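**Student:** Here you go, one structure.
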Amino acid sequence: MMSELRIGIAGLSGRGLHWIRLMQKLKGYRITALCDLRQEALDDGLAAVDGEDEQACFRDYEEFLNFDGMDAVALVVRSEYQGALAAQALEAGKHVSAEVPAAHSMDECWRIVLAQERSGKVYHLAEQCRYAGYLDKWQELVRSGDLGDVTYAEGQYLHYYTRCMFQDPHSGALFGVDRLPEFPDAVAAWVNRMPPIHYVVHDLSPLLRVLDDRVVEVIGMSTDSPSRAHPEILSPDMQVALMKTEKGAMLRLAASFAQPHPENDTHWQQVIGTKGCVEWRRALDDVPRLWLADGEARDKQPQTWGFSKDQEPEEAKGSGHWNLDFYVHAAFRDAVLYDQSLEFDVYKAMDVAAPSILAADSIDQDSRKLEVPDFRPNANRKKGEAP
Ligand SMILES: NC(=O)c1ccc[n+]([C@@H]2O[C@H](COP(=O)([O-])OP(=O)(O)OC[C@H]3O[C@@H](n4cnc5c(N)ncnc54)[C@H](O)[C@@H]3O)[C@@H](O)[C@H]2O)c1
């Protein structure tokens, strides 16, 4: 059994540097390689690593994958090729811990699933919101039947995020709308060209966990491009997906990056069943609520649920995103080093990725309803569906 996980980190901007700092604090990780297309980002990555260990540095992803001093790849690139890069790492025999979104096309989803199955390596999607403590309570309410049959659920990710919408084609540097006059040759960066609904993962992942369900049909709708809030930005201000699940519930998911929205109040969810409902807080100074049809209360009652779990490990504190970032790195490490099974396996990760991708495809096809495949190797995996 391996005693430490030698990991290489690809993508060394804000999030990649956060991963470096976090992994150095967690037992079991040793950072042995760094990769970014930009030399400036590699320099930032090297500066963020403490200690005596040396890191091999790469600007070419294929050369990085050929480095035999690492067992696993941490993929923290914001790129339209994110899914292909994850699959390529599995194909090269590396375990993969990938940032969200997992992929941006259905072909990439299938390639990841097949590469994971063929290689037997661990693939883990680092979606951290599904670990929130309040979701443990919601899951109990659904499992116990207290909410009855779930008929409807909502999730939304409204994140005013304009600071990396543009890229200097010469240096690769990313910047926001405010600095456009400094870069006459600026091009739209991926986050600017990406359909916002591709990023609804942080709200769909928690809902599917609570419902223990998967999406089977999806319809998308969008406001027009460019943004009305910032006409320089291509990203539409709002995209919405309607989904139907295998168990028969309907979901509404919304995503937005270009339109102003209160900071730190990016996520919201609710779940409605035949015997009651739960909802997350409506504003930062609000509280979550619960109503049960056979209870005494006539209206939804305030609850003390929060992001923290009842038992929060000391190592989780300060890890980022309400202390939830810890859980993704712990789950990945424990799966690779200690052979522990992943709750959020490659199939559940694709259950989250595929409906988001197909919602954008539906938008491109005048809101046509699209079927979501089951990626699991069983009777539902239609022959010929996997490329
Ligand atoms: N889970 C979360 O809460 C959370 C939060 C922030 C970002 N993210 C995800 O983390 C990733 C990185 O986010 P960011 O804000 O740091 O992005 P960013 O756009 O600022 O930086 C991405 C970096 O990846 C590099 N890169 C792109 N393609 C590459 C390739 N083929 N090979 C090597 N390097 C490449 C770029 O040069 C850049 O330095 C994104 O996928 C984003 O969606 C997740």
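Per our numbering, residue 57 is the first one in the sequence shown, and the count goes up by one each step. Positions of the beta carbon are idealized from the N, C-alpha and C atoms, including for glycine. Treat the numbers as computed from the prediction; the structure is a model and nothing was measured.
When the Cα atoms are used, what is the spatial distance from Gly67 to Gly201?
**Tutor:** The residue labelled residue 67 in the question sits at position 11 within the sequence shown. The residue labelled residue 201 in the question sits at position 145 within the sequence shown. Gly67 and Gly201: Cα-Cα distance of roughly 43 Å.
**Student:** Give a single yes or no on whether His10 has its beta carbon closer than 7 Å to a heavy atom of ligand 1.
**Tutor:** Absent from the structure is residue 10, since the part of the chain shown begins at 57 and ends at 443.
**Student:** Would you check if there are 3 or more beta carbon pairs closer than 8 Å linking the region 357 to 374 to the region 334 to 347?
**Tutor:** Taking 8 Å as the limit for Cβ pairs, the verdict is that the region 334 to 347 does touch the region 357 to 374.
**Student:** Could you work out which residue in Ala130, Leu93 and Tyr403 is closest to Tyr85 when comparing CA atoms only?
**Tutor:** If you number the sequence shown from 1, residue 85 lands on position 29. For Tyr85, the nearest C-alpha among the options comes from Ala130.
**Student:** Please state whether the Cβ-Cβ distance between Ala310 and Val296 is less than 8 Å.
**Tutor:** As a first step, residue 310 is located in the sequence shown; it is residue number 254 there, counting from the start. As a first step, residue 296 is located in the sequence shown; it is residue number 240 there, counting from the start. Closer than 8 Å, so yes.
**Student:** In its own chain, which residues sit with a C-beta less than 8 Å from the C-beta of Leu121, not counting the 5 before and 5 after it?
**Tutor:** Start at 1 with the first residue of the sequence shown, and residue 121 comes out as number 65. Val129, Gln144, Ala145, Ala148 and Lys150.
**Student:** Would you mind sorting Arg167 into buried or exposed? The rule is 16 or more other CB atoms within 10 Å of its CB.
**Tutor:** Taking the first residue of the sequence shown as 1, we reach residue 167 at position 111. Buried, by the Cβ-count rule.
**Student:** By DSSP, does Met299 sit in helix, in strand, or in coil?
**Tutor:** Numbered from 1 along the sequence shown, position 243 holds the residue referred to as residue 299. Strand, per DSSP.
**Student:** Since Val247 is in the beta strand (DSSP E), which residue starts that stretch and which ends it?
**Tutor:** Residue numbering aside, residue 247 sits at position 191 when the sequence shown is read from its first letter. No beta strand (DSSP E) holds Val247; the alpha helix (DSSP H) holding it covers Trp246 to Arg249.
**Student:** Considering Leu181, what are the terminal residues of the beta strand (DSSP E) in which it resides?
**Tutor:** In the sequence shown, the residue the question calls residue 181 occupies position 125. Its beta strand (DSSP E) spans residues Tyr179 to Leu181.
**Student:** Please report the residue range of the beta strand (DSSP E) in which Trp347 lies.
**Tutor:** Numbered from its first residue, the sequence shown carries residue 347 at position 291. Unbroken beta strand (DSSP E) run through Trp347: Arg345 to Leu348.
**Student:** Let me know the alpha helix (DSSP H) ranges lying completely inside the region 177 to 261, each 4 residues or longer, listed in chain order.
**Tutor:** Complete alpha helix (DSSP H) runs here, min 4: 189 to 199 and 246 to 249.
**Student:** Quick one: what does DSSP say Pro411 is sitting in, helix, strand or coil?
**Tutor:** On the sequence shown, position 355 is the one that residue 411 refers to. Correct three-state label for Pro411: helix.
**Student:** Helix, strand or coil for Val272 per DSSP?
**Tutor:** Residue mapping note: residue 272 aligns to position 216 of the sequence shown, counting from 1. Three-state result, Val272: strand.
**Student:** In or out: Val274 buried (at least 16 other Cβ within 10 Å) or exposed?
**Tutor:** Along the sequence shown, read from residue 1 onward, the residue named residue 274 stands at position 218. When all chains shown are included, Val274 counts as buried.
**Student:** Out of Gly70, Pro251 and Ile76, state which residue places its alpha-carbon closest to the alpha-carbon of Phe382.
**Tutor:** By 1-based counting over the sequence shown, the position of residue 382 is 326. Comparing Cα positions, the closest option is Ile76.
**Student:** Going by DSSP, which residues form a beta bridge with Glu427?
**Tutor:** Taking the first residue of the sequence shown as 1, we reach residue 427 at position 371. According to DSSP, Glu427 bridges with Glu273.
**Student:** Of all the options His286, Glu288 and Pro292, which has the alpha carbon lying nearest to the alpha carbon of Asp280?
**Tutor:** Locating residue 280 in the sequence shown gives position 224, counting from the first residue. That would be Pro292, whose Cα lies nearest to the Cα of Asp280.
**Student:** Who are Val402's beta bridge partners in DSSP?
**Tutor:** Locating residue 402 in the sequence shown gives position 346, counting from the first residue. Beta-bridge pairing links Val402 to no other residue.
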